[in-house]
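Take the sequence shown: its position 54, counting from 1, is numbered 53 in numbering that gives the first Met the number 0, and each next residue is one higher.
Where a beta carbon is used, it is the ideal one built from N, C-alpha and C, also for glycine.
Working notes, structure below.
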Amino acid sequence: MKVSGGDVPAGEPAGLVDQVYATVLEPGRYDELMAAWERHIADAIRELDGPETEGRAPSDRDEIERHFLNAFTILERLGRPLEDRRPIEALVDADPRPAMLLAASGRVAAANAAAAELFAASAGQSLDALPVDADGMRQIREALSRMGAEPPGRLLAVARAFSARDGSAFIVALTCAPVREGDAPLGLLSVADLAWNDRIGAVLRQAFGLSEAECDIARALMAGASARDIADARKSSIETVRTQMKAVLRKTEAHSQGELIRMTAALAQFDMGGEGRIMARGRRASALFDILRRGPRKLVYTRIGAPQGRPVLFVHGMLDGYAAPLFNREALVARNISLIVPARPGFGGSDHDGEAEGAPDRFAADAEALLDHLGIARCPVLGHLSGALYAYAIAARMGSRIPHILNVSGTVPVTSGAQISALAPRQRIVAYTTKYAPRFSRLILRAAVALIDSGGHHAFMKALYESAVADWPVAQRGDVLPHLSDGYDFMVAQGYKAFEIDARLLMQDWSRYVAPVTQPVTLLHGPHDPAVPVWSVRDFAGRYANVALHEVADAGQLIFFARPELVLDRLESALRAP
0 MKVSGGDVPA
10 GEPAGLVDQV
20 YATVLEPGRY
30 DELMAAWERH
40 IADAIRELDG
50 PETEGRAPSD
60 RDEIERHFLN
70 AFTILERLGR
80 PLEDRRPIEA
90 LVDADPRPAM
100 LLAASGRVAA
110 ANAAAAELFA
120 ASAGQSLDAL
130 PVDADGMRQI
140 REALSRMGAE
150 PPGRLLAVAR
160 AFSARDGSAF
170 IVALTCAPVR
180 EGDAPLGLLS
190 VADLAWNDRI
200 GAVLRQAFGL
210 SEAECDIARA
220 LMAGASARDI
230 ADARKSSIET
240 VRTQMKAVLR
250 KTEAHSQGEL
260 IRMTAALAQF
270 DMGGEGRIMA
280 RGRRASALFD
290 ILRRGPRKLV
300 YTRIGAPQGR
310 PVLFVHGMLD
320 GYAAPLFNRE
330 ALVARNISLI
340 VPARPGFGGS
350 DHDGEAEGAP
360 DRFAADAEAL
370 LDHLGIARCP
380 VLGHLSGALY
390 AYAIAARMGS
400 RIPHILNVSG
410 TVPVTSGAQI
420 SALAPRQRIV
430 AYTTKYAPRF
440 SRLILRAAVA
450 LIDSGGHHAF
460 MKALYESAVA
470 DWPVAQRGDV
480 LPHLSDGYDF
490 MVAQGYKAFE
500 IDARLLMQDW
510 SRYVAPVTQP
520 VTLLHGPHDP
530 AVPVWSVRDF
540 AGRYANVALH
550 EVADAGQLIF
560 FARPELVLDR
570 LESALRAP
């Protein structure tokens with residue numbers, strides 16, 4: 000039984016209300032809440048593909064709405080689990096650099112897989128067993144003895160370390176790690192050469208008058224190269240390289256190569272003109288992000304792939320954040336592609352910037368400022384999932400500066416209720432609630448955050464993909480699931496509000512962001528996508544002469560994980576766009 004006119008069904012609400020409060024007490028019962036809510040709105044959903052569906056507003060039974068609001072309020076007052084309850088291993092576990100944590104005694108408290116492979120480091124090991132040069136070992140020990148008085152992130156020491164595999168040299172930096180109040184201090188020792196970026200070179204050129212060749216010398220020294228290594232790589236004489244080294248030391252007023260390395264490492268760690276570095280932590284991972292100031296807001300971003308590779312602006316969706324770029328990091332390096340990955344406002348560490356209205360325009364302005372900041376004149380944009388909407392807004396704003404759009408499993412404007420009724424069960428429930436019963440959506444989104452906070456990453460993923468014939472096997476893969484889980488952590492770092500903004504925008508006809516786009520647009524879409532029916536994408540592509548749809552046979556939503564080579568091949572084509 001339901002109330003006529005598209006209202007929420009008026010059946011007995013007691014079971015649903017019980018489930019609402021059960022989910023507050025046990026976040027793992029989120030799926031039961033969604034099932035109960037689906038049963039309650041089933042008839043209304045079935046009518047979505049009927050006439051005059053658009054614009055209906057369900058009357059929503061007052062009693063149920065009151066309980067949804069009460070449960071939401073309870074969750075908000077309970078708050079989020081403290082970030083510092085995570086195990087210390089999470090500080091290094093998925094850091095892309097070889098990294099380890101050191102206690103003041105010199106004992107290795109934790110080491111990630113990259114450090115274990117490169118330096119044969121392991122928890123419980125003594126610092127003396129690490130392949131670090133004698134002078135560096137002395138500096139690290141001295142720094143460990145005083146790190147209790149230093150703030151988190153402070154650069155304490157720089158040293159030269161050697162690969163346990165082939166003896167190749169690396170520069171490692173020791174910084175003060177963030178720990179819980181009252182816990183013993185820890186030092187984070189990590190390879191520093193990956194921290195070099197264009198900004199550091201610009202600072203060295205502007206502040207000290209270094210030439211491009213001299214900046215290359217400084218960068219090579221920071222990477223652990225010797226004069227002979229540099230000469231061989233540049234096909235120069237060792238005398239020429241030594242002369243350039245002396246010029247670099249003279250201009251920077253550094254008394255030794257070690258002092259020069261420490262200075263450039265410090266530039267890599269700290270803010271030079273309005274920027275800084277922050278650590279974005281997930282359940283398993285920590286990753287370094289740069290900060291771009293946008294008035295009172297901070298916009299965090301990182302680069303994934305080849306550090307100096309061909310730039311591509313990556314716009315993440317509302318589900319798994321930077322999971323796809325990190326999954327494809329090595330392939331991106333091999334193809335000399337550098338994905339510029341900003342966290343959209345409200346996601347990760349980027350500050351919120353307002354309500355849903357105008358959000359794509361505001362982010363397009365952010366993206367333009369970021370490319371200006373990085374000195375990137377033009378590059379294609381890659382939109383993933385709901386990031387597709389923002390990719391169109393960016394291209395519309397920047398015109399020829401964005402020569403091509405590639406959207407992977409991208410959303411399209413919602414122009415009929417039939418698009419919602421065709422979705423997979425979980426996606427359909429959220430979409431219907433957001434569009435036609437928005438007062439109920441806040442609890443559903445907040446309860447999803449609580450599920451992830453409680454460690455229910457697999458349950459969240461299962462609810463999304465278990466009924467998706469193409470995606471479920473991919474999502475369960477051992478090389479994919481950890482990336483999805485870390486992406487979920489990144490996406491809920493600030494709670495549900497950014498999700499709510501995206502959900503509201505996606506359920507609208509946002510064709511106004513597509514209409515001004517004249518650049519070529521390539522869509523990669525799977526026929527089994529549970530969130531965006533392929534027929535709706537065909538219909539969308541058919542309305543625009545500049546949009547080309549490529550259907551990926553047997554694929555669902557997780558194309559970037561299932562067929563990465565196909566995505567990167569298309570990205571290569573976008574990079575070659577005139």
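Quick one: grab the DSSP three-state call for residue i.
i, result
"residue 306", "coil"
"residue 64", "helix"
"residue 337", "strand"
"residue 175", "strand"
"residue 411", "coil"
"residue 99", "strand"
"residue 218", "helix"
"residue 201", "helix"
"residue 301", "strand"
"residue 445", "helix"
"residue 313", "strand"
"residue 279", "Bear in mind that the predicted position of residue 279 carries a pLDDT of just 40, short of 50, making it unreliable; the figure below should be weighed with that in mind. Three-state result, residue 279: strand."
"residue 457", "helix"
"residue 510", "helix"
"residue 377", "coil"
"residue 249", "helix"
"residue 240", "helix"
Taking the alpha-carbon positions, what's the residue i to residue j distance?
i, j, result
"residue 98", "residue 484", "21 Å"
"residue 122", "residue 340", "32 Å"
"residue 477", "residue 490", "21 Å"
"residue 113", "residue 442", "40 Å"
"residue 177", "residue 216", "33 Å"
"residue 535", "residue 422", "11 Å"
"residue 357", "residue 424", "29 Å"
"residue 587", "residue 136", "Not covered by the structure: residue 587. The range shown for the chain is 0 to 577."
"residue 66", "residue 436", "14 Å"
"residue 461", "residue 250", "58 Å"
"residue 284", "residue 480", "Below a pLDDT of 50, predicted positions are generally treated as unreliable, and residue 284, at 36, falls in that range; no measurement from the model is reported."
"residue 161", "residue 224", "11 Å"
"residue 497", "residue 145", "41 Å"
"residue 299", "residue 238", "43 Å"
"residue 241", "residue 214", "14 Å"
"residue 402", "residue 293", "25 Å"
"residue 412", "residue 540", "11 Å"
"residue 361", "residue 186", "39 Å"
"residue 395", "residue 516", "5 Å"
"residue 552", "residue 291", "40 Å"
"residue 41", "residue 529", "18 Å"
"residue 379", "residue 36", "41 Å"
"residue 109", "residue 209", "39 Å"
"residue 143", "residue 125", "13 Å"
"residue 449", "residue 154", "35 Å"
"residue 459", "residue 219", "45 Å"
"residue 71", "residue 445", "7 Å"
"residue 319", "residue 24", "26 Å"
"residue 248", "residue 107", "34 Å"
"residue 228", "residue 235", "10 Å"
Short of 7 Å in beta carbon distance, which residues of its chain neighbour residue i, apart from the five on each side in sequence? Order them along the chain.
i, result
"residue 385", "316, 317, 410, 501 and 505"
"residue 305", "331, 332, 335, 336 and 337"
"residue 508", "412, 413 and 414"
From the DSSP output, which residues share a beta bridge with residue i?
i, result
"residue 403", "None, per the DSSP bridge assignment."
"residue 549", "523"
"residue 188", "99 and 173"
"residue 160", "131 and 169"
If I measure Cβ to Cβ from residue i and keep anything under 6 Å in the same chain, skipping five residues before and after, which residues do I get?
i, result
"residue 53", "Per-residue confidence for residue 53 stands at a pLDDT of 42, beneath the threshold of 50, marking its modelled position as unreliable; the derived number appears in the next sentence. There are no such residues."
"residue 456", "484 and 487"
"residue 18", "31, 32 and 35"
"residue 471", "464 and 465"
"residue 382", "314, 390, 406 and 409"
Got a sec? Which residues, its chain only, sit under 8 Å from residue i by beta carbon, not counting five neighbours each side?
i, result
"residue 591", "In the structure as shown, the chain begins at 0 and stops at 577. Residue 591 is therefore absent and cannot be evaluated."
"residue 204", "210, 211 and 214"
"residue 243", "212, 213 and 216"
Q: Kindly confirm or deny that the stretch 364–374 and the stretch 505–518 touch, where touching means at least three C-beta pairs closer than 8 Å.
A: Output reads no: the stretch 505–518 does not touch the stretch 364–374.
Q. Given 8 Å as the limit, is there contact between the stretch 553–567 and the stretch 521–530, that is, 3 or more CB pairs closer than that?
A. Enough Cβ pairs lie closer than 8 Å, so yes.
Q. Is the stretch 370–390 in contact with the stretch 302–317, if contact means three or more CB pairs nearer than 8 Å?
A. Flag = yes, the stretch 370–390 and the stretch 302–317 touch.
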